[in-house]
Amino acid sequence: MSDLYGLKLEPMPNRLVNYGTTDNGIAVIELASDSAGAPLEGDAMGPNTYTHEMMRDIDTAIIKARFDDDVTVIVITGPGSKFFSA
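Numbering-wise (our numbering), the sequence shown opens with residue 1299 and increments by one.
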């Protein structure tokens, strides 16, 4: 689980993407994998290597947000002050 600005994000099934929503309708999708495409552990930051498993987690999170009537916007981010995905 990740803590982004006080928002508790829960991991998707493969633990490569974290998801949460705010009280004002923002869904946050946080990519969280290392250079080998494995889930990040603890406070680690990774390059967010894009794998088939990550794509499935992203799809799961987007579908969850899409069918939540309270969500009006989706923000995709990564842990730490830098964000990159390849």
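Don't be surprised by glycine CBs; every beta carbon is placed ideally from N, CA and C.
As assigned by DSSP and simplified to three states, the class of residue i
i     : result
A1325 : strand
E1308 : strand
T1358 : helix
Residue j beta carbon less than 7 angstroms from that of residue i
i     : j     : result
E1339 : L1307 : no
N1346 : G1376 : yes
T1349 : M1310 : no
G1318 : M1343 : no
Of the residues the options, the one placed nearest residue i, counting alpha carbons only
i     : options                    : result
L1314 : D1355, I1374, I1360, T1375 : D1355
V1326 : V1373, A1363, D1367        : V1373
L1258 : T1320, G1378, T1375        : Past the boundaries of the shown model lies residue 1258; the chain is included only from 1299 to 1384, so the question cannot be answered.
A1353 : T1370, G1323, G1335, D1366 : Checking the sequence, you will find Met at residue 1353 rather than Ala. Answer by Cα proximity: G1335.
S1331 : N1316, N1322, G1323, I1324 : N1316
N1312 : P1337, A1342, R1364        : P1337
Counterpart residues of residue i in DSSP-defined beta bridges
i     : result
V1315 : L1329
T1375 : E1328
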